[in-house]
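Enquirer: The following block contains the structure, expressed as structure tokens.
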Amino acid sequence: MPTHQSIGGATDEQLLQRMVATHAERFGEEFWQFFTASVAPHLPSSPTIVDLGCGPALFLKDLGERYPAAALYGYDVTPAMVEHGRALACTGAKPVVALLDATMEPLPHAAGSAHLIGMSSVLHVIDEPLPVLAEIRRVLRPGGVFLLNDWIRQPLADYLAWRRDVMGEEDEAECLRRGFRLFPVHSKYTTEDWLWLLGQAGFAVRHRARMRPAHEVFVAVPDGNR
Ligand SMILES: C[S@@+](CC[C@H](N)C(=O)[O-])C[C@H]1O[C@@H](n2cnc3c(N)ncnc32)[C@H](O)[C@@H]1O
1412 MPTHQSIGGA TDEQLLQRMV ATHAERFGEE FWQFFTASVA PHLPSSPTIV DLGCGPALFL
1472 KDLGERYPAA ALYGYDVTPA MVEHGRALAC TGAKPVVALL DATMEPLPHA AGSAHLIGMS
1532 SVLHVIDEPL PVLAEIRRVL RPGGVFLLND WIRQPLADYL AWRRDVMGEE DEAECLRRGF
1592 RLFPVHSKYT TEDWLWLLGQ AGFAVRHRAR MRPAHEVFVA VPDGNR
């Protein structure tokens, strides 16, 4: 099963530290404005929320502060991420974080039990996304929300410039080596491809927004007609 670390040649610890360091830019004010307008109206005050590929579990921590009575679950295939999530000091609801490979195992939740399932910067790396989307659809309640936040295709030159200028990868040779290995993974799907995939998996997209130049957020609900 390919991961960002295995493709790009980073260690688990390096990916963990990068996810922690960039969390505030990825889940900043613009994201929460979108969440408040497009996701929150679908949620009760004590929602059941799952984050698949939760990384350091900081998104769950943020959600726990906004929804102190929530039941929060995070799953990730990388042990270092799970350890980080389990060690978090939380002022709100505390997530339950567990090791799980979304391509190999079902989610340990009953059908129709989750109000919100999030997947952020994960689905593009999974070779066969449709079985994972089917599992998400199984676990969501009718009217529940799948919040997909992921990369969209961009030109090679823009991607390499982003790695150099924004990610601040200083060693130019290493920056190019990782960039060429990860470009086909990060630049795999267009917005239209994501919309098609979600439609194939039985979701109807209610809202979407371009958060950063190469990331799109989709708010999808199980299509009642399927
Ligand atoms: C780029 S990180 C994003 C982490 C987190 N969602 C965030 O936005 O901060 C991708 C995460 O997906 C996890 N991942 C990749 N493949 C996975 C799989 N098959 N099952 C579960 N987690 C997976 C990785 O371990 C990593 O933590």
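When you line the sequence shown up against our numbering, it's residues 1412 to 1637, in that order. Just so you know, even glycine gets a beta-carbon here, dropped at the ideal spot from N, CA and C.
Starting from Leu1510, follow its DSSP beta bridges and name the residues at the other end.
Expert: Here the question's residue 1510 lines up with position 99 in the sequence shown. Leu1510 is bridged by DSSP to Asp1487.
Enquirer: Taking DSSP as the reference, what is the three-state secondary structure of Ala1612?
Expert: The count along the sequence shown starts at 1 and reaches residue 1612 at position 201. Note: Ala1612 maps to coil in three-state DSSP.
Enquirer: State the beta-bridge partners of Ile1460 as determined by DSSP.
Expert: Indexing the sequence shown from 1 puts residue 1460 at position 49. In DSSP, Ile1460 forms a bridge with Leu1483 and Leu1527.
Enquirer: Confirm, please, whether the CB-CB distance from Leu1609 to Glu1631 is below 8 Å.
Expert: Along the sequence shown, one-based indexing puts residue 1631 at 220. Along the sequence shown, one-based indexing puts residue 1609 at 198. Note on residue identity: the sequence assigns Ala, not Glu, to residue 1631. Cβ distance < 8 Å, so Ala1631 and Leu1609 count as in contact.
Enquirer: If we ignore side chains and look at the alpha-carbon of each, how far apart do Thr1514 and Gly1485 end up?
Expert: Stepping through the sequence shown from its first residue, residue 1514 is reached at position 103. Stepping through the sequence shown from its first residue, residue 1485 is reached at position 74. Computed Cα separation, rounded: 15 Å.
Enquirer: Just to confirm, does Thr1459 get its C-beta within under 7 Å of one of the non-hydrogen atoms of ligand 1?
Expert: For this step, residue 1459 is matched to residue 48 along the sequence shown. It does not: the Cβ of Thr1459 is nowhere closer than 7 Å to a heavy atom of ligand 1.
Enquirer: Excluding the 5 residues flanking Ile1418 on each side, which residues of the same chain have their C-beta closer than 7 Å to its C-beta?
Expert: On the sequence shown, residue 1418 is found 7 positions in, with the first residue counted as 1. Result list for Ile1418: Arg1592, Leu1593 and Val1596, in chain order.
Enquirer: Between which two residues does the alpha helix (DSSP H) harbouring His1597 extend?
Expert: Walking along the sequence shown from the start, residue 1597 turns up at place 186. Looking at the DSSP string, the run of the alpha helix (DSSP H) that includes His1597 is Glu1583 to His1597.
Enquirer: CB Val1616 to CB Ile1528, shorter than 8 Å?
Expert: What you label residue 1616 is simply residue 205 of the sequence shown in a count that begins at 1. What you label residue 1528 is simply residue 117 of the sequence shown in a count that begins at 1. Against a cut-off of 8 Å, the Cβ pair of Ile1528 and Val1616 comes out as no contact.
Enquirer: Determine the closest residue to Ala1612 out of Leu1551, Glu1585, Ile1563 and Phe1445, with distance taken between C-alpha atoms.
Expert: Position 201 of the sequence shown, counting from 1, holds the residue named residue 1612. Measuring from the Cα of Ala1612, the nearest candidate turns out to be Leu1551.
Enquirer: Give the range of the alpha helix (DSSP H) segment to which Ala1448 is assigned.
Expert: Counting from 1 along the sequence shown, the entry for residue 1448 is found at position 37. Here the alpha helix (DSSP H) through Ala1448 covers Glu1440 to Ser1449.
Enquirer: Cα-Cα, which of Ala1480, Thr1502 and Gly1466 is closest to Pro1455?
Expert: Here residue 1455 refers to the residue found at position 44 when the sequence shown is read from its first residue. Considering only alpha carbons, the answer is Ala1480.
Enquirer: Indicate, with yes or no, if ligand 1 has a heavy atom lying under 7 Å from the CB of Thr1422.
Expert: As a first step, residue 1422 is located in the sequence shown; it is residue number 11 there, counting from the start. Outside the cutoff, so no.
Enquirer: Closest to Arg1497 by CA distance: which of Thr1489, Ala1509 and Val1488 is it?
Expert: Residue 1497 sits at position 86 when you count from the first residue of the sequence shown. Checking every option, the nearest Cα to that of Arg1497 belongs to Ala1509.
Enquirer: Would you call the region 1555-1567 and the region 1596-1606 in contact, with 3 or more CB pairs under 8 Å?
Expert: yes
Enquirer: Output the distance between the C-alpha atoms of Ala1545 and Arg1623, rounded to the nearest integer angstrom.
Expert: Taking the first residue of the sequence shown as position 1, residue 1545 is located at position 134. Taking the first residue of the sequence shown as position 1, residue 1623 is located at position 212. If I take the Cα positions, the gap works out to 27 Å.
Enquirer: Looking at the structure shown, is Leu1427 part of a helix, part of a strand, or coil, going by DSSP?
Expert: The count along the sequence shown starts at 1 and reaches residue 1427 at position 16. When secondary structure is reduced to three states using DSSP, Leu1427 falls in the helix class.
Enquirer: What is the residue span of the alpha helix (DSSP H) that Val1550 lies within?
Expert: Position 139 of the sequence shown, counted from the start, is the residue given in the question as residue 1550. Run containing Val1550: Pro1540 to Val1550, per the alpha helix (DSSP H) assignment.
Enquirer: Beta carbon of Phe1483, beta carbon of Leu1469: below 8 Å?
Expert: By one-based count along the sequence shown, residue 1483 stands at place 72. By one-based count along the sequence shown, residue 1469 stands at place 58. Inspection of the sequence shows that residue 1483 is occupied by Leu rather than by Phe. Using a Cβ distance threshold of 8 Å, Leu1483 and Leu1469 do not count as a contacting pair.
Enquirer: Within the continuous alpha helix (DSSP H) that includes Glu1476, where are the two ends?
Expert: As a first step, residue 1476 must be located in the sequence shown, where it is residue number 65. Unbroken alpha helix (DSSP H) run through Glu1476: Leu1469 to Arg1477.
Enquirer: Please determine whether the Cβ atom of Phe1594 lies at a distance below 7 Å from any heavy atom of ligand 1.
Expert: As a position in the sequence shown, residue 1594 is number 183, starting the count at 1. Look at Phe1594: its beta carbon is at least 7 Å from all of the heavy atoms in ligand 1.
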